[in-house]
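Below: one structure, written as structure tokens.
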Amino acid sequence: MTKKSIFTRQAQAADGTLARGAPDERPPRPSQASPAGAALSTALLDWYDRHARDLPWRTSPADRKRGIRPDPYRVWLSEVMLQQTTVAAVKSYFQTFTKRWPTVADLAGAPDEAVMGAWAGLGYYARARNLLACARVVTLQHNGRFPETAEELRALPGIGDYTSAAIAAIAFDEPAAVVDGNIERVTTRLHAIETPLPAARKAIRAFVDAMTPSLRPGDFAQAMMDLGATICTPRRPACVLCPVSAGCRARMEGRPEEFPRKLAKKAKPARIGAAFVARRASDGAVWLRRRPSTGILGGMSEPPSTDWSSRMDGGTGRDAAPFAAGWRLAGSVAHGFTHFDLVLEVWTAEIDADPATEGWWATPASLVDEALPTLMRKAVAVAESTAPATKERSR
DNA sequence: CACCCGTGGAG
DNA sequence: TCTCCAAGGGT
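All you need for the working numbering is the position in the first sequence, starting with 1, plus 126.
Here it is as structure tokens:
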């Protein structure tokens, strides 16, 4: 027999209606039971029983076998928080949210500002807006219960292909094909898929669909993700420890790190802007305003700022200030966004009267609860650090 | 499909 | 220092 993965037999036998690229990249036909997939899922689930990560939103494999299901609310919340975000970053936010809002109805009843404030720092703030919208739909239109099928879940705000499948599988035992970044990596390696992302997604989905067991589909999905997170890592995967290495084509060919292949990404442009941190002389409060609900950092608070639409050579300067004051340059903040790099000049001034602009005062004590994204928190800190009057006042 | 949308940690 | 990128979704 040739060097062929035991997990690709089905693929060879398949008709290959999806055929594009190398013949052995042909996925099995969806909905067709796959003996090879069964072999993989069995090995993987056995590994998961012994090595599952212990995470706050999870039910252990042992408890799961006793019929204990995780709370759909907690599964949903964790899945949304984990979108493009590391487990390490999510943990404390998950703890905060579940303690403050133990049920979806509690969350639905929360003020927008409270939720945005609690989400501040986690990034991708559209998630927080959609989270709240989803909580309200579930509470008001579904009697406080999450729909139990991927199809129905998919219709809710902030729940796409991945999240709907993940919730359906993990919380409701639906054998939905869960495909996230981890599973894309694991799958492209198992089958040595040469097609670069995102074009390979269709084939990946078909493979995953064939692998997904009808028994323990949720544990299977989480096992794949754990495998990707701890063994089948982007760099230097620990194939020696991998429970499915025997069936991995990339491993056989000695080049697991070459997958998944990806298209080259575009360079990030540079932008510059300015933030104006006005501080109240009497108590050091900072003047804030709300950003528009759409677009970058949508719905979050900020000190009045210019837009960053284009690079202005030589900086922006105090001419861009939202109101007259004794503005002086406190420094600057460099911040990398997903698709551009920003340098934000930070100007500061001390004032007595309220500015004649939309906004509110945030006292030093209330600043922690403000919906300030990390960028704006940095800007306030820069202004703070160069305000000599602060220490004078506080003594 | 291509683009927009944050942040922090790892190497 | 710098690049990569993590349990993606919306438009």
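Heads up, the beta-carbon is just placed ideally off N, CA and C, and yes, glycines get one too.
Residue i - containing alpha helix (DSSP H), residue span
i, result
"Phe346", "Pro343 to Thr356"
"Thr500", "Thr500 to Ser511"
"Gly307", "Gly307 to Leu316"
"Val216", "Val213 to Arg226"
"Ser290", "Asp287 to Phe298"
"Leu266", "Ala252 to Gln267"
"Trp245", "Asp238 to Trp245"
"Val522", "No answer is possible for residue 522: the residues shown for the chain start at 127 and end at 521."
"Trp525", "Limits of the chain in this structure are 127 at one end and 521 at the other, which puts residue 525 out of reach."
"Pro360", "No alpha helix (DSSP H) holds Pro360; DSSP gives it neither H nor E."
"Leu279", "Ala276 to Leu279"
"Met426", "Where Met426 is concerned, there is no enclosing alpha helix (DSSP H), given that its DSSP letter is neither H nor E."
"Asp189", "Pro187 to Lys191"
"Arg375", "Arg375 to Met378"
Residue i burial status per 10 Å Cβ neighbour count (16 or more: buried)
i, result
"Thr420", "exposed"
"Val494", "exposed"
"Asp345", "buried"
"Trp245", "buried"
"Arg176", "exposed"
"Arg226", "exposed"
"Glu383", "exposed"
"Val366", "exposed"
"Glu428", "buried"
"Arg179", "exposed"
"Leu501", "buried"
"Asn308", "buried"
"Leu389", "exposed"
"Arg342", "buried"
"Leu282", "buried"
"Leu470", "buried"
"Ala261", "buried"
"Gly235", "exposed"
"Ile194", "exposed"
"Leu498", "buried"
"Arg271", "exposed"
"Ala446", "buried"
"Gly399", "buried"
"Ala509", "buried"
"Ser408", "exposed"
"Leu279", "buried"
"Gln348", "buried"
"Arg253", "buried"
"Tyr174", "buried"
Nearest to residue i (by Cα), restricted to the options the options
i, options, result
"Ala393", "Phe463, Phe385, Thr474 and Ser427", "Phe463"
"Ser340", "Ile309, Gly354 and Ile296", "Ile296"
"Leu468", "Ser427, Thr432, Arg280 and Leu248", "Thr432"
"Ser511", "Ala491, Pro481 and Ala456", "Ala456"
"Leu505", "Asp478, Val472, Asp299 and Ala491", "In the sequence on display, residue 505 carries Ala and not Leu. If we check each option's Cα against that of Ala505, Val472 comes out closest."
"Ala302", "Arg311, Ala404, Trp486 and Asp335", "Asp335"
"Arg381", "Ile319, Pro343, Ile194 and Gly410", "Ile319"
"Phe333", "Val412, Asp232 and Arg311", "Arg311"
"Asp238", "Leu323, Trp413 and Tyr251", "Tyr251"
"Tyr219", "Trp173, Pro187, Pro182 and Thr275", "Pro182"
"Arg417", "Glu205, Trp486 and Arg262", "Trp486"
"Arg255", "His268, Phe272 and Leu233", "Leu233"
"Ala523", "Ala460, Pro196, Ala479 and Arg192", "For the chain, the structure presents residues 127 to 521; residue 523 sits outside this window and is missing."
"Ala169", "Lys391, Glu476 and Leu353", "Leu353"
"Gly425", "Val412, Gly249, Cys368 and Asp197", "Gly249"
"Trp413", "Phe466, Pro490 and Pro363", "Pro490"
"Phe223", "Ser492, Leu257, Lys191 and Arg192", "Leu257"
"Met351", "Arg387, Val304 and Ala364", "Val304"
Residue span of the beta strand (DSSP E) that contains residue i, given as start and end
i, result
"Ser340", "Run containing Ser340: none; DSSP gives neither H nor E here."
"Ala396", "Ala396 to Arg406"
"Thr474", "Asp467 to Ile477"
"Trp487", "Trp486 to Ala488"
"Ser458", "Arg454 to Gly462"
One or two residues paired with residue i in a DSSP bridge
i, result
"Trp413", "Trp487"
"Ser419", "DSSP lists no partner for Ser419."
"Ser431", "Ala401"
"Leu323", "Lys388"
> Given 8 Å as the limit, is there contact between the segment 305-318 and the segment 362-378, that is, 3 or more CB pairs closer than that?
Replying inline: Counting Cβ pairs under 8 Å, three or more are found: they touch.
Tell me, please, whether the segment 278-297 touches the segment 196-205 by the rule of three or more beta-carbon pairs shorter than 8 Å.
Enough Cβ pairs lie closer than 8 Å, so yes.
Spell out a yes or no on whether the segment 348-360 and the segment 318-332 are touching, meaning 3 or more CB-CB pairs, one atom from each, closer than 8 Å. By the criterion of at least three beta-carbon pairs nearer than 8 Å, the segment 348-360 is not in contact with the segment 318-332.
#### Entry: Three-pair Cβ contact test at 8 Å for the segment 206-217 versus the segment 235-243
A contact is defined here as three or more CB-CB pairs under 8 Å, and the segment 206-217 fails this definition with respect to the segment 235-243.
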